[in-house]
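**Student:** Protein sequences, first through last, are from chains L and H. The first sequence begins at 3 in this note's numbering and counts up one residue at a time. The second sequence begins at 143 in this note's numbering and counts up one residue at a time.
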Amino acid sequence: MIIHSISAKNVLKYQTLDLKDLPEEGIIAISGFNESGKSTIGETICFALFGRTFSIAEDDLDKIIRWGASDCSVTIRFSNQKDGDNSDEQYAITRMLDCDGNHSAKLYQVYNEDNPLARGVERVEETLFELTSVEFDEFIESFYLAQREITTPHPHSYALKAMAGIATMEYCEQGIQEDIEQDLEVSEELINRIELLEEEIEALELDDLHLDNLTEKHNQLVEEKAVIDDKLNSLNSQVDQYNEARPQREHYQAKKGRASFWRFISLLFAAASFGLWWVLLKMPDSAIFTQINEFLQANIPQFSSEYYPYLLYAGGGFTLLFIIFWAMIISHKGNIQRLGEAGQALAEQLRNMNELRNESMSEAREMFINRVAKSLIAEKELSEELQEDNAYLIEQQESLTGKISELTSALVIERERVKKVADLLEKVDSLQEQIDEKARRNQIRELSTELLMGATRHLSKRFNHVIRDHVSKTLPLFTENRYEHLQIDEDLTVRVFSNEKHDFMELDEISSGTQRQIMLAVRLALSQEMVSRKVHSRQFLILDEPFAFFDEERTKHSLAVLPELSDDLPQTWIIAQTFPDGMSFERTIFCEREQIEKTA
Amino acid sequence: MSADEHIKPLNMTERRSTIEEYTQFCLEEKERRMNSGEDFDEQSFDKATDLTLRKLKILEDEGWV
Chain L
3 MIIHSISAKN
13 VLKYQTLDLK
23 DLPEEGIIAI
33 SGFNESGKST
43 IGETICFALF
53 GRTFSIAEDD
63 LDKIIRWGAS
73 DCSVTIRFSN
83 QKDGDNSDEQ
93 YAITRMLDCD
103 GNHSAKLYQV
113 YNEDNPLARG
123 VERVEETLFE
133 LTSVEFDEFI
143 ESFYLAQREI
153 TTPHPHSYAL
163 KAMAGIATME
173 YCEQGIQEDI
183 EQDLEVSEEL
193 INRIELLEEE
203 IEALELDDLH
213 LDNLTEKHNQ
223 LVEEKAVIDD
233 KLNSLNSQVD
243 QYNEARPQRE
253 HYQAKKGRAS
263 FWRFISLLFA
273 AASFGLWWVL
283 LKMPDSAIFT
293 QINEFLQANI
303 PQFSSEYYPY
313 LLYAGGGFTL
323 LFIIFWAMII
333 SHKGNIQRLG
343 EAGQALAEQL
353 RNMNELRNES
363 MSEAREMFIN
373 RVAKSLIAEK
383 ELSEELQEDN
393 AYLIEQQESL
403 TGKISELTSA
413 LVIERERVKK
423 VADLLEKVDS
433 LQEQIDEKAR
443 RNQIRELSTE
453 LLMGATRHLS
463 KRFNHVIRDH
473 VSKTLPLFTE
483 NRYEHLQIDE
493 DLTVRVFSNE
503 KHDFMELDEI
513 SSGTQRQIML
523 AVRLALSQEM
533 VSRKVHSRQF
543 LILDEPFAFF
553 DEERTKHSLA
563 VLPELSDDLP
573 QTWIIAQTFP
583 DGMSFERTIF
593 CEREQIEKTA
Chain H
143 MSADEHIKPL
153 NMTERRSTIE
163 EYTQFCLEEK
173 ERRMNSGEDF
183 DEQSFDKATD
193 LTLRKLKILE
203 DEGWV
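1) What does the alpha-carbon distance come out to for the pair R260 (chain L) and M330 (chain L)?
2) Report yes or no: is there a C-beta of chain L within less than 9 Å of the C-beta of L169 (chain H)?
3) Is there contact here, the segment 558-571 of chain L with the segment 36-43 of chain L, by at least three beta-carbon pairs under 8 Å?
4) Distance, Cα to Cα, Q243 (chain L) vs A344 (chain L)?
5) I'd like to confirm the pairing. Which residues does DSSP put opposite E599 (chain L) in its beta bridges?
6) Which residues in chain C sit within 7 Å of F187 (chain H), going by Cβ to Cβ distance?
7) Check whether chain L comes within 9 Å of E173 (chain H), counting only Cβ atoms and requiring the distance to be less than that.
8) Between which two residues does the alpha helix (DSSP H) holding A562 (chain L) run?
9) Ordered along the chain, which non-local residues of its own chain (more than five positions away) have a Cβ less than 7 Å from that of H6 (chain L)?
10) Using three-state DSSP, classify I95 (chain L) as helix, strand or coil.
11) Mind checking who D100 (chain L) pairs with in its DSSP beta bridge?
12) Enumerate in chain order the residues of its own chain whose CB-to-CB distance from K440 (chain L) is below 6 Å, with the five nearest sequence positions on each side excluded.
13) Are at least three pairs of beta-carbons, each pair with one atom in the segment 389-403 of chain L and one in the segment 132-147 of chain L, less than 8 Å apart?
14) For E508 (chain L), which residues does DSSP report across the bridge?
15) Could you tell me how far apart the beta carbons of D73 (chain L) and I67 (chain L) are, in whole angstroms, since I believe they sit closer than 8 Å?
16) Can you tell me whether V229 (chain L) is buried or exposed? The criterion is at least 16 other CB atoms within 10 Å of its CB, across all chains shown.
17) To the nearest angstrom, how far is it from the Cα of T601 (chain L) to the Cα of M585 (chain L)?
18) DSSP beta-bridge partners for F80 (chain L)?
19) Look up A31 (chain L) in the DSSP assignment and say whether it is helix, strand or coil.
20) Just checking my contact of L384 (chain L) with V224 (chain L) at CB under 8 Å: how many whole Å lie between their CB atoms?
21) Can you grab the Cα-Cα spacing for the pair L427 (chain L) / L199 (chain L), in whole Å?
22) Using alpha carbons as the reference points, say which of L:L322, L:L278, L:H334 and L:K335 lies closest to S307 (chain L).
23) Using 10 angstroms around the beta-carbon of W280 (chain L), count the other beta-carbons present and answer buried if the total reaches 16, otherwise exposed.
24) Contact criterion: CB-CB distance below 9 Å. Does S144 (chain H) meet it with respect to chain L?
25) Which residue spans inside the segment 101-128 of chain L form an unbroken alpha helix (DSSP H) run of at least 4?
26) Quick check: the Cα distance between A578 (chain L) and L528 (chain L), rounded to an integer number of angstroms?
27) Cα separation between E555 (chain L) and A523 (chain L)?
28) With DSSP as the reference, identify every bridge partner of Y254 (chain L), one or two as the case may be.
29) Could you check how far apart the C-beta atoms of R97 (chain L) and A50 (chain L) are, in whole angstroms? I think they sit under 8 Å.
30) Could you confirm whether any beta carbon from chain H is found closer than 9 Å to the beta carbon of K65 (chain L)?
31) Around the Cβ of L169 (chain H), are there at least 16 other Cβ atoms within 10 angstroms (buried) or fewer (exposed)?
32) Which residues in the same chain have their Cβ closer than 6 Å to the Cβ of L213 (chain L), if we skip the five residues on either side of it in sequence?
33) With distances taken from CA atoms, which of L:H460, L:L388 and L:E124 is nearest A166 (chain L)?
34) Considering only residues of the same chain and omitting the five flanking positions on each side of C593 (chain L), which have a CB-CB separation below 6 Å?
35) What residues in its chain sit with their C-beta under 7 Å from that of L206 (chain L), if we drop five residues either side in the sequence?
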């Protein structure tokens with residue numbers, strides 16, 4: 003940033019301050035006696051840019067307004083040509099402040115004031131930072147050497163850290179530390195939640211084997227009930243089959259009886275027919291033939307000898323009938339036997355019932371079962387006798403149904419408890435996973451902070467080396483080669499090597515003038531580093547009383563050296579009570595105590 | 143540049159950005175740790191480096207770096 007003009011009204015000492023066409027390179031020398039308004043010019047620049055000054059606290063800003071005036075204003079024009087940028091763009095900041103604390107600001111391109119880049123104090127501050135990369139603290143620690151004891155900046159100041167490039171790393175590390183703490187807090191909360199869940203699990207007193215036992219018992223009862231159901235169904239089914247088979251069996255028994263009768267009759271007639279035929283044809287001389295013939299002549303006179311062969315035919319027919327009835331009997335026997343199987347099966351079932359009831363078999367029961375086996379029990383009698391068996395089975399069935407129902411309820415409850423415990427354990431696992439994940443992340447974050455701290459230390463050391471390197475280039479120029487090498491500790495404590503004494507010396511071992519030369523060299527080194535690292539554009543310097551305690555020769559030498567130190571710091575504002583005679587500068591401004599209007 | 147041209151002692155020297163500085167430091171540190179003979183978890187180291195670089199990139203986007 004190079005300043006081209008300053009125009010102020012009622013700022014500190016001056017009613018008007020108007021500095022125009024300021025040289026872009028070289029020294030702008032401001033001289034004058036005490037309280038003549040020399041430092042006011044530097045403070046006016048500072049106020050214009052940042053809305054505050056080094057010497058006036060932010061809550062005392064109204065002191066910037068000239069005594070007796072109600073408001074003040076300042077406009078500063080500047081350019082900010084970055085490396086490799088050939089444009090000659092000029093910007094301006096106009097700032098106003100009144101006694102009521104109303105503070106306004108505007109940042110604009112000089113040729114386009116009607117469309118400012120930013121309006122308002124905060125917006126102007128942000129936009130100026132975007133433009134120049136310099137904040138107030140950095141400006142004060144580097145480019146603005148106020149009228150005060152020259153000291154090294156505080157090593158822990160933000161400005162110095164920004165110059166060294168470690169402020170960002172520290173900010174980053176701080177952010178990571180916050181993330182670590184945040185995750186630790188969340189993890190603690192998660193651990194508490196896990197403890198609560200574990201208490202809840204413990205309160206449920208779940209026995210791992212209980213559900214299996216209940217299930218086994220339930221299955222056993224279901225199997226028992228299935229057996230009883232089967233028995234009952236089987237009994238009823240067999241009774242039905244018995245009741246259905248028994249009348250049919252009786253029917254077949256009757257038919258078998260009738261067939262046996264007719265088979266017997268057929269046998270008799272067949273035997274009679276064959277016997278009569280044999281006697282009449284084969285035994286004509288026998289007494290029996292005579293008796294039969296007489297009987298036939300007496301009762302059936304038409305039955306002559308020509309009919310005798312028919313007796314043989316009749317015998318054959320009756321024999322055939324005999325065979326048919328025999329076959330029918332065999333068939334009926336088969337049916338009777340088949341239908342009798344229902345009775346035998348029912349009898350077997352009834353015997354099993356006794357075993358099921360663990361009862362010994364009574365004689366009457368044995369007889370009853372034997373009669374059932376022979377299908378001799380009628381439906382009514384059977385029904386009466388089986389009432390007790392049926393009642394027993396139904397009672398067993400109901401008892402088992404009740405027990406199964408109780409166990410089913412118990413199982414539902416136990417399954418719910420098991421599910422609840424499983425859900426709780428799942429939650430515990432999920433929370434534990436979150437804790438583990440956070441622990442893993444924090445492990446990485448710890449390593450990140452470790453690396454950041456290492457990088458910070460590394461950069462810090464290198465920054466010291468860079469500053470030492472810069473100072474070693476400028477210090478011989480200020481001290482006429484009497485001092486060249488410096489030691490700069492991490493806390494920026496400076497020791498200097500005396501070429502005459504061939505040893506490092508503490509600052510208090512050397513003269514005040516030399517001390518200030520060294521510190522001026524350090525300050526210039528910091529300014530250069532600020533330009534190299536952050537600003538990347540040519541920059542003005544304000545040095546307020548840098549040569550106090552310098553003898554005239556050293557002042558002359560320093561003034562001659564200053565413009566030759568860096569192309570990056572071309573415009574140097576130097577404020578001093580007097581300058582050595584015969585020195586010439588690019589612009590000289592002389593301030594007088596009673597002067598309230600300044601134009602140059 | 144002619145031989146007579148005077149080079150001023152403090153002229154601007156290029157500085158690496160914070161991200162470049164950090165990346166370079168991590169490369170050297172990784173090499174050092176790998177060669178130290180002690181146990182070295184390369185995967186965790188790379189994750190930690192990436193994490194920081196992501197955060198630095200965000201800060202860079204916000205105008206910090």
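Ideal Cβ positions, reconstructed from N, Cα and C, are used throughout, including at glycine.
**Tutor:** Looking at the atomic coordinates:
1) 10 Å
2) No, because no Cβ of chain L sits closer than 9 Å to the Cβ of L169 (chain H).
3) no
4) 6 Å
5) According to DSSP, E599 (chain L) bridges with L:T18.
6) Among the chains of the structure shown, chain C does not appear; the protein chains present are L and H.
7) no
8) For A562 (chain L), the enclosing alpha helix (DSSP H) covers residues E554 to V563.
9) For H6 (chain L), where only same-chain residues beyond five positions count, the Cβ hits under 7 Å are L24, R79, F80, S81 and Q92.
10) strand
11) L:D73
12) D185 and S189, listed in sequence order.
13) no
14) L:R497
15) Confirmed, Cβ separation roughly 6 Å.
16) exposed
17) 22 Å
18) L:I5 and L:Y93
19) If DSSP states are grouped into helix, strand and coil, A31 (chain L) belongs with the strands.
20) About 31 Å separates the two Cβ atoms, so there is no contact after all.
21) The C-alpha of L199 (chain L) is placed about 8 Å away from the C-alpha of L427 (chain L).
22) L:L278
23) exposed
24) The predicted position of S144 (chain H) is uncertain, since its pLDDT is 40 and thus under 50; no value can be drawn from it.
25) Runs found: none.
26) Between A578 (chain L) and L528 (chain L), the C-alpha separation is close to 22 Å.
27) 17 Å
28) The partner list for Y254 (chain L) (beta bridge, DSSP) is empty, contrary to what the question assumes.
29) Contact holds; Cβ gap of about 6 Å.
30) no
31) exposed
32) E416 and V420
33) L:H460
34) Cβ neighbours of C593 (chain L) beyond the five flanking positions: G34, S38, G39 and K40.
35) R419, K422 and V423
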